[in-house]
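> When the sequence shown is numbered by the working numbering, its final residue is 564 and no position is left out of the sequence of numbers. Have a look at the structure that comes next, please.
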Amino acid sequence: MAVGAVGINPEGGPASQQDMRRQNLAVVLGTIAGQSPLSRADVAGHTGLTRAAVSSLVDELIGRGALTETETAPSGRVGRPGRALTVSDRGPAGLGLEVGVTHLGACVVDLRGEPRVWRRVERSHAGRSAGQVLTELAALGAEVEGEAAGLGLRVEGRVLAVPGVVPSAEPGLVENAPNLGWHAVRPADHWPDQDTVPAPENEANLGALAEYWQGEHGAETFVHVSAEAGIGAALIVDGQLFRGARGFAGELGHIPVHPDGVPCPCGARGCLEQYAGEAAVLREAGLAASGDPVALLSERAGAGDPAALRALERAGRALGLALASAVNLIDPDGLVLGGAYAELAEWLLPAVRAELAARVTVRPWPPEALRPSALGRRGALLGAALLTVRQLIADPTRLPLA
Numbered sequence: 163m164a165v166g167a168v169g170i171n172p173e174g175g176p177a178s179q180q181d182m183r184r185q186n187l188a189v190v191l192g193t194i195a196g197q198s199p200l201s202r203a204d205v206a207g208h209t210g211l212t213r214a215a216v217s218s219l220v221d222e223l224i225g226r227g228a229l230t231e232t233e234t235a236p237s238g239r240v241g242r243p244g245r246a247l248t249v250s251d252r253g254p255a256g257l258g259l260e261v262g263v264t265h266l267g268a269c270v271v272d273l274r275g276e277p278r279v280w281r282r283v284e285r286s287h288a289g290r291s292a293g294q295v296l297t298e299l300a301a302l303g304a305e306v307e308g309e310a311a312g313l314g315l316r317v318e319g320r321v322l323a324v325p326g327v328v329p330s331a332e333p334g335l336v337e338n339a340p341n342l343g344w345h346a347v348r349p350a351d352h353w354p355d356q357d358t359v360p361a362p363e364n365e366a367n368l369g370a371l372a373e374y375w376q377g378e379h380g381a382e383t384f385v386h387v388s389a390e391a392g393i394g395a396a397l398i399v400d401g402q403l404f405r406g407a408r409g410f411a412g413e414l415g416h417i418p419v420h421p422d423g424v425p426c427p428c429g430a431r432g433c434l435e436q437y438a439g440e441a442a443v444l445r446e447a448g449l450a451a452s453g454d455p456v457a458l459l460s461e462r463a464g465a466g467d468p469a470a471l472r473a474l475e476r477a478g479r480a481l482g483l484a485l486a487s488a489v490n491l492i493d494p495d496g497l498v499l500g501g502a503y504a505e506l507a508e509w510l511l512p513a514v515r516a517e518l519a520a521r522v523t524v525r526p527w528p529p530e531a532l533r534p535s536a537l538g539r540r541g542a543l544l545g546a547a548l549l550t551v552r553q554l555i556a557d558p559t560r561l562p563l564a
């Protein structure tokens, strides 16, 4: 809806004054977040709102801790120095938390989208209960949140990235995270402080959102695929995350690339994970799963190890088969390799591109439409923290008035 237009509520009548003010607060904050520093007059020019309206909205956003206003450098012109508005680097922030198969993560991102505190702890969760893992993660989150408070940041929301299915109908439930051994786990049941329970979200979805918000892709519709122990994908359509009818969209790892191939723990045969997942690539390369497998594969491939190169080429072919099906079905602007794939892209890309060239024949497909993410393995955790920040920018009335 254009700024300044008469709002319409879901029942068909005029939007309330409160609704319109909420929308205009979001427009002003979003404009400054995207183009700061700006003067109040600049904001009026960008949004079409009157200067008086902008002044009132800006004052409220300053009162909510979302904006700061400072004097600019002297211009040499007669009159008072100009004043510049920027998104605050103190005050409101988002806390991202992550459970991986072999690590825990926590980070705090300020309202500008800048990570201010970042922590990753390598820890195998094989044989550990959800309660043990989540209790440990809660302690890490509290430690990071305390460090952020020392920087003047106040966490306003918490999101947990998890390699599992979070159904749309039950957003507090991790229905299935097979690589963690979790089934029907509610993080709230294991979180020691009920005031700080994070909202769980699929890690592939969060990685894709982080790529859309902070990547340099320019695409509005793309498939983001990432891997560590498992393989996940997420689809951004016209700038919005596509979840599917029940929140199960993105299970690229269980697309069959060899229908009569290797049995998969999911019960099917020939799934992509059995050819391009971390365990499969390590096995093909003759390497044991210890330490940081991605760094080990990268080191071996970089040294020209024939087995590692052969394993990554085989994984790239399998990944290309699955992604060709996605391209033919969805017609995206691009494909993004995230997570571990981003760090192994140098050796994966040739085989993936070869399969795409051979199998995407009904539409133009330029090789550069497939690219690695600059976020690498940081994407999911960054997306978890950014989700709160984006929600606050979209509705600044969530922030308390000072």
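We put the CB at the ideal spot given by N, CA and C, even for glycine.
Taking the C-alpha atoms as reference points, what is the distance between Leu302 and Ala214?
Numbered from 1 along the sequence shown, position 140 holds the residue referred to as residue 302. Numbered from 1 along the sequence shown, position 52 holds the residue referred to as residue 214. Using only the alpha carbons, I get a separation of about 45 Å.
> Of all the beta strand (DSSP E) runs that stay within the bounds of the region 178-266, which reach a length of 3 or more residues?
Listed in chain order, the complete beta strand (DSSP E) runs (minimum 3 residues) inside the region 178-266 are 229-233, 245-249 and 253-261.
> Alpha carbon to alpha carbon, what distance is there between Arg285 and Val432?
Indexing the sequence shown from 1 puts residue 432 at position 270. Indexing the sequence shown from 1 puts residue 285 at position 123. Note that residue 432 corresponds to Gly in the displayed sequence, not to Val. So the two alpha carbons sit approximately 30 Å from each other.
> Taking 8 Å as the cut-off, does the region 408-416 touch the region 446-464 (at least 3 CB pairs, one atom from each stretch)?
Touching, no.
> Can you give the Cα-Cα distance for Pro526 and Leu518, rounded to whole angstroms?
Taking the first residue of the sequence shown as 1, we reach residue 526 at position 364. Taking the first residue of the sequence shown as 1, we reach residue 518 at position 356. When rounded, the distance between both Cα atoms is 11 Å.
> Our contact map puts Gly453 next to Gly392 with C-beta atoms below 8 Å; I'd like the distance itself, whole angstroms only.
As a first step, residue 453 must be located in the sequence shown, where it is residue number 291. As a first step, residue 392 must be located in the sequence shown, where it is residue number 230. Contact doesn't hold; Cβ gap of about 19 Å is too wide.
> Mind checking Gly272: buried by the 16 CB within 10 Å criterion, or exposed?
Numbered from its first residue, the sequence shown carries residue 272 at position 110. At residue 272 the sequence reads Asp, which differs from the Gly that was named. Buried, since its Cβ has 16 or more Cβ neighbours within 10 Å.
> When DSSP builds the beta bridges, which residues end up paired with Pro418?
Within the sequence shown, numbered from 1, the residue matching residue 418 stands at position 256. According to DSSP, Pro418 bridges with Cys433.
> Within its chain, find whatever has a CB closer than 7 Å to the CB of Arg282; leave out the 5 residues flanking it on each side and keep chain order.
Counted from its first residue, the sequence shown places residue 282 at position 120. Cβ within range, chain order: His265 and Gly267.
> Which of the three DSSP states is assigned to Glu413 in this structure?
By one-based count along the sequence shown, residue 413 stands at place 251. Glu413: coil per DSSP, three-state reduction.
> Assign Leu561 to buried or exposed, taking buried as 16 or more other Cβ atoms, counted over all protein chains shown, within 10 Å of its Cβ.
Position 399 of the sequence shown, counting from 1, holds the residue named residue 561. Leu561 is buried by the Cβ-count criterion.
> According to DSSP, is Asp272 helix, strand or coil?
Looking up residue 272 in the sequence shown gives position 110. In this structure, Asp272 counts as strand in the three-state DSSP scheme.
> Alpha carbon to alpha carbon, how far is Glu585 from Ser201?
Not covered by the structure: residue 585. The range shown for the chain is 163 to 564.
> Counting C-beta neighbours from all protein chains within 10 Å, is the total for Glu530 16 or more, i.e. buried, or is it exposed?
For the purposes of this step, residue 530 is taken as residue 368 along the sequence shown, with counting starting at 1. Flag for Glu530 reads exposed.
> From Leu471 to Glu373, what does the alpha carbon distance come to, in whole angstroms?
Indexing the sequence shown from 1 puts residue 471 at position 309. Indexing the sequence shown from 1 puts residue 373 at position 211. Roughly 28 Å between the two C-alpha positions.
> Starting from Trp344, trace the beta strand (DSSP E) in both directions and tell me its first and last residue.
Here residue 344 refers to the residue found at position 182 when the sequence shown is read from its first residue. First-last of the beta strand (DSSP E) with Trp344: Trp344 to Val347.
> Any idea if Glu307 is buried or exposed, counting beta-carbon neighbours within 10 angstroms, 16 or more meaning buried?
Residue 307 sits at position 145 when you count from the first residue of the sequence shown. The residue in question, Glu307, is buried, as its Cβ has 16 or more Cβ neighbours within 10 Å.
> With a CB to CB cut of under 7 Å and the five nearest residues on each side skipped, what residues in its chain are close to Ala484?
Walking along the sequence shown from the start, residue 484 turns up at place 322. Result list for Ala484: Leu414, Ile417, Val419 and Leu434, in chain order.
> Bridge partners for Leu367 per DSSP, in chain order?
Translated into the one-based positions of the sequence shown, residue 367 becomes position 205. Residue 367 is actually Asn in this sequence, not Leu. For Asn367, which the question treats as bridged, DSSP gives no partner whatsoever.
> What residue range is occupied by the uninterrupted beta strand (DSSP E) comprising Leu315?
For the purposes of this step, residue 315 is taken as residue 153 along the sequence shown, with counting starting at 1. Unbroken beta strand (DSSP E) run through Leu315: Leu315 to Val324.
> Quick check on DSSP: helix, strand or coil for Ala547?
What you label residue 547 is simply residue 385 of the sequence shown in a count that begins at 1. In the structure shown, Ala547 sits in a helix (DSSP, three-state: H, G or I).
> Per DSSP, what kind of secondary structure is Gly541 in: helix, strand or coil?
In the sequence shown, the residue the question calls residue 541 occupies position 379. Helix, per DSSP.
> So, using beta-carbon positions, are Gly369 and Leu510 closer together than 9 Å?
Position 207 of the sequence shown holds residue 369. Position 348 of the sequence shown holds residue 510. No, the Cβ-Cβ distance between Gly369 and Leu510 is not below 9 Å.
> Quick one: residues in its chain with C-beta nearer than 6 Å to the C-beta of Leu549, no 5 flanking neighbours on either side, listed in chain order?
Here residue 549 corresponds to residue number 387 of the sequence shown, with the count starting at 1. Excluding positions up to five away in sequence, the list reads Val321.
> Locate the beta strand (DSSP E) running through Arg533, then write down its first and last residues.
Translated into positions along the sequence shown, residue 533 becomes position 371. That run of the beta strand (DSSP E) goes Leu532 to Pro534.
> Quick one: Cα of Ala469 to Cα of Arg479, how far?
Taking the sequence shown and counting its residues from 1, the one referred to as residue 469 is at position 307. Taking the sequence shown and counting its residues from 1, the one referred to as residue 479 is at position 317. Their backbone Cα atoms lie some 15 Å apart in a straight line.
> If you reduce the DSSP assignment to three classes, tell me which class Val498 lands in.
On the sequence shown, position 336 is the one that residue 498 refers to. Strand at Val498.
> Are there three or more Cβ pairs, one per stretch, closer than 8 Å when the region 319-339 is compared with the region 347-362?
Taking 8 Å as the limit for Cβ pairs, the verdict is that the region 347-362 does touch the region 319-339.
> Buried or exposed for Val456, please, with buried defined as at least 16 other CB atoms from any protein chain shown within 10 angstroms of its CB.
Mapped onto the sequence shown, residue 456 falls at position 294. So Val456 counts as buried.
> Please return the same chain residues whose Cβ sits closer than 6 Å to the Cβ of Ala442, not counting the five positions on each side in sequence.
On the sequence shown, position 280 is the one that residue 442 refers to. Once the five neighbours on either side are set aside, the close Cβ partners of Ala442 are Gln436.
> Write down the C-beta distance between Arg515 and Leu532 rounded to the nearest angstrom, noting that I regard them as a contact closer than 8 Å.
Position 353 of the sequence shown, counted from the first residue, corresponds to residue 515. Position 370 of the sequence shown, counted from the first residue, corresponds to residue 532. Right, their Cβ atoms sit about 6 Å apart.
> Which residues does DSSP list as the beta-bridge partners of Arg282?
Counting from one through the sequence shown, the residue named residue 282 turns up at place 120. In the DSSP output, where bridge partners are listed per residue, Arg282 has Gly267.
> Looking at the secondary structure, which residues open and close the alpha helix (DSSP H) in which Ser460 lies?
Working through the sequence shown from its first residue, we reach residue 460 at position 298. First-last of the alpha helix (DSSP H) with Ser460: Pro455 to Gly464.
> Does the pairing of the region 212-228 with the region 179-188 give three or more beta-carbon distances under 8 Å?
The region 212-228 vs the region 179-188: in contact.
> Would you be able to state if there are at least three C-beta pairs under 8 Å between the region 341-357 and the region 487-501?
No, the region 487-501 is not in contact with the region 341-357.
> In whole angstroms, give me the CA-to-CA distance for Gly423 and Ala389.
Residue 423 sits at position 261 when you count from the first residue of the sequence shown. Residue 389 sits at position 227 when you count from the first residue of the sequence shown. Spanning the two alpha carbons is a distance of roughly 20 Å.
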